[in-house]
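Chains A and B are the protein sequences, given in the same order.
Residue numbering for the first sequence follows the numbering used here, beginning at 25 and increasing consecutively.
Residue numbering for the second sequence follows the numbering used here, beginning at 369 and increasing consecutively.
Glycine is no exception: its CB is placed at the ideal position from the N, C-alpha and C atoms.
All figures in this text were calculated on a predicted structure; none of them were measured in a lab.
Only one structure is covered here, and it is reproduced in the block below.
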Amino acid sequence: MHIVACIKQVPDPSQARIDRETGLVIREGVDKIINPYDLHALEEALRIKETKGGKVTVLSMGPASAEQVLRDAIAMGADQVILLSDRQFAGADTLATSYTLARAVARLEDVNLVICGKQAVDGDTAQVGPGMAAKLDIPHITQVRKLRELTEDKLVAEKLTDRGYEVVEVPLPAVITVVKELNEPRIPGLRGMMRAKKAEIPVWGPEDIEAEADRIGLKGSPTQVWRTFEPERHRKGEMLEGTPSEQAAALWQRLRSL
Amino acid sequence: MEIRLLADKCTICGACEAACPYDAVAMGADGPELSEECTVCGACVEACPTEAIYIAGEKASPQPEPRDAAGDVWVFAEQREGQLLDVVLELLGEGRRLASELGVSLACLLLGDSVDHLPQELIEFGADLVYVGSAPELKHYRDDLYAQVMEHAVRQHRPAILLIGGTANGRSLAPRVAARLETGLTADCTGFALDEDGNLLQTRPAFGGNLMATIRCPHHRPQMATVRPKVFPKPARQPGREGQVIALELPELVPWQRILEVVEEADTGPNLAEADIVVAGGRGLGSPENFRLVEELASVLGAAVGASRSVVDAGWVSYPHQVGQTGRTVAPKIYIACGISGAIQHIVGMQSSDVIVAINSDPDAPIFSIATYGIVGKAEEVIPALIREIKGSSSQ
């Protein structure tokens, strides 16, 4: 089995703090980490390799500094990593990102399954997994919480829905996006960390994946950020004072009249 | 299109670095240097006090698609077991406004089997046209077939705008179709407007809700967007309103997926995403036992139970109750946050609630900055008092 996990480097959401005065996020000193959902994608890829044999390739698209998350992936046990990084990839929206990652997957040999986290916590779009599947013209399953059955050419998985779950079967190759309930990601061991430290991280540009220039980066992105602005964060809140009983009475008086 | 610098004007003040929402600007010895994360959003241009930064060149986009000046506005009419989802009606309200402003029709794409009762409902909630794709294979939602039919219908009828509810199904379908159509898709929009050229201005929270971004898709059609349930109000129904129902010509359906089982998990109370009132608890409650107070208050109010990530991680309550960036997004009429400090990842999942009540012992907790009513106090004392108040008033 050849399993591909796609990971993204994101600012650590647990370090995000709001500036009380401006209501804006404080970005200084925030570490960059593997998108939390992608850790579960990588973990699942490694578990499949361990039970069925084969290899795990990890892809990431991002700036040169994103090589760190690929080192983390090697430390966890990835066999091969590739960083998609080039000035021409910059400014990609989800369509251009889907295309770029799909081109990279197409360059790899005999891929059976591509696993992504269900979304990245910086953009929260959840669009790149299904977008990649469309570009590769293969099926996808979103929000997978359990793999029930996996063979060379078939996957049966449980996917979360709004009301419960569904059991879905798809032929392989396919793309799945996964939720946290799927597994518990491992902590890298010392040997893995040593291997990660010494590893060369291959970097692929547009020519390595035979990408069309007008389908990558800003040029390949139909959506444009037109403007950004601060949300109205501060409400004119009313503080209710007194003993707990008085506070509760004051609150109920306001709520019941709504 | 790229960011350029007039080096002689630059004072290396760092305003651009601070303003960049993408962390793409690093201040070098000779001025700002941009990394690959730059999306040419222009935040640095606006921030620069000396006008040293500007955007050069037209966006070198692919050849603009020949686009219909007067394409319609479409709403995907997701149905479950022959019932329309509320988010469809909410989108009809917003779609109606956009269609009227553009002077085009509002149409629905309805897929299913034996759904003949639904077009009239869609029309009474504002649709002018309903395209119906009916086949036994389309009875239940499936990624593969729904994507095939939606792509086919869009290529045939060329809408200018396509709005899709941000349900689990919608968020799986929309990106697949957008990628097939090579068009733009904006996730989880919270507001729409039109620019002078009739382009859809799509606003969504970015960076964990700390910034709002308005996105445009000027050269590709349709302009696609998903919207979470409860973001827009449901419009009033107009009984007897008239519209046109058109049978969709279906492409050859190529099934990939097999749905082996559909399991609806028993709800232990009101559905979190749909409840009018949510009572949520966080780490500040101190113990799993005190979390039971949250459940009791919810039960007294007929509310759904929510939770912050930390208490879900600690195992006080199960994951489906988690509210926030990595849990559910809710927008109830009343949200009561008990012992929740208000980390960003929680706030983005509930800040659109109409009324927010914060009960927390830490007067500096960030949750108070978004609260409508704030109570500084121990949740384990305030909640029982509140339950007594509610019970007392209902027995009067």
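For residue i, three-class secondary structure by DSSP
i: I106(A); result: strand
i: K221(A); result: helix
i: W684(B); result: coil
i: P734(B); result: helix
i: T582(B); result: strand
i: L242(A); result: coil
i: L640(B); result: coil
i: K746(B); result: coil
i: M263(A); result: strand
i: T185(A); result: coil
i: C140(A); result: strand
i: T697(B); result: coil
i: K377(B); result: coil
i: I162(A); result: coil
i: S84(A); result: strand
i: H64(A); result: helix
i: Q167(A); result: strand
i: A272(A); result: helix
i: A521(B); result: helix
i: Y390(B); result: coil
i: C409(B); result: coil
Contacting residues, own chain, Cβ-Cβ under 6 Å from residue i (five flanking each side not counted)
i: R596(B); result: G534, D556, T697
i: S429(B); result: A caution first: S429(B) carries a pLDDT of 43, below 50, which makes its placement in the model too unreliable to give a value.
i: P432(B); result: For P432(B), the pLDDT reaches just 43, beneath the cut-off of 50, and the residue's location in the model is therefore unreliable, leaving the point undetermined.
i: R435(B); result: Interpretation of R435(B) is limited by its pLDDT of 46, a score under 50 that renders its predicted location unreliable; the figure taken from the coordinates is listed afterwards. Here the set comprises R589.
Expected contact under 8 Å - CB spacing of residue i and residue j to nearest Å
i: A198(A); j: P154(A); result: Not really, about 11 Å apart at Cβ, beyond 8 Å.
i: L63(A); j: P209(A); result: 4 Å
i: L486(B); j: L478(B); result: 6 Å
i: A272(A); j: L754(B); result: 4 Å
i: T124(A); j: I233(A); result: 7 Å
i: L457(B); j: C476(B); result: 11 Å between Cβ atoms; not a contact.
i: I735(B); j: A726(B); result: 4 Å
i: Y741(B); j: L264(A); result: 6 Å
i: G611(B); j: D681(B); result: About 49 Å; that fails the 8 Å criterion.
Proximal residues of chain B, C-beta to C-beta of residue i below 7 Å
i: A158(A); result: R544, A547, R548
i: S269(A); result: A753
i: W228(A); result: None at all; the shortest Cβ gap to chain B is about 14 Å.
i: R278(A); result: Y741
i: V194(A); result: W624, Q625
i: R127(A); result: What R127(A) touches in chain B: nothing, since even the nearest Cβ is about 13 Å away.
Spatially closest choice to residue i from the options, by CA coordinates
i: S502(B); options: L530(B), G461(B), Q447(B); result: Q447(B)
i: V202(A); options: K183(A), D134(A), M156(A); result: K183(A)
i: D730(B); options: D681(B), S720(B), G710(B); result: G710(B)
i: L553(B); options: L214(A), P268(A), S122(A); result: S122(A)
i: V498(B); options: E449(B), W442(B), P752(B), W624(B); result: W442(B)
i: N136(A); options: T149(A), A128(A), L196(A), S89(A); result: L196(A)
i: G538(B); options: A604(B), L661(B), F444(B); result: F444(B)
i: P656(B); options: S686(B), I645(B), I627(B); result: S686(B)
i: I758(B); options: G382(B), G745(B), G670(B); result: G670(B)
i: D565(B); options: D511(B), C585(B), C406(B); result: C585(B)
i: L628(B); options: L174(A), A90(A), V191(A), K79(A); result: V191(A)
i: I529(B); options: E469(B), A666(B), Y509(B); result: E469(B)
i: D440(B); options: D454(B), G463(B), V455(B); result: G463(B)
i: L618(B); options: I724(B), H525(B), A593(B), R651(B); result: H525(B)
Amino acids of chain A, ordered along the chain, whose beta-carbon sits closer than 7 Å to that of residue i
i: C409(B); result: V249, T252
i: D512(B); result: P163
i: S482(B); result: Residues of chain A passing the Cβ test: none, with the nearest at roughly 21 Å.
i: L569(B); result: W250
i: P389(B); result: T252
Within chain B, partners of residue i - CB distance below 8 Å
i: L184(A); result: A536
i: E68(A); result: Correct list: empty, because the minimum Cβ distance to chain B is about 17 Å.
Chain-order list of residues whose beta-carbon lies under 7 Å from that of residue i (same chain, five-residue window excluded)
i: L373(B); result: G399, P400, A420, I421
i: A292(A); result: The requested residue 292(A) is not part of the displayed model; chain A covers only 25 to 282.
i: D110(A); result: G229, P230
i: Q693(B); result: G576, Q713, V716, G717
Proximal chain A residues relative to residue i, where beta-carbon distance stays under 9 Å
i: A555(B); result: T118, Q143, G147, D148, T149, A150, Q151
i: V744(B); result: M263, L264, E265, Q271
i: Y687(B); result: V203, K204, E205
Partner residues on chain A for residue i, Cβ-Cβ distance less than 8 Å
i: V413(B); result: Simply none; closest approach about 11 Å.
i: F736(B); result: G261, M263
i: M580(B); result: T252, F253, E254, P255
The ligand ADP heavy atom lying under 7 Å from the CB of residue i
i: L541(B); result: The ligand ADP is absent from the structure shown, which contains no ligands of any kind.
Chain B residues whose Cβ lies nearer than 9 Å to that of residue i
i: L282(A); result: K701, I702, D722, V723
Close-in-space but distant-in-sequence residues of the same chain around residue i (CB under 8 Å, 5 per side omitted)
i: E426(B); result: Bear in mind that a pLDDT of 49 at E426(B), under 50, signals an unreliable position, so the model cannot answer this.
i: D36(A); result: V54, D55, K56, I57
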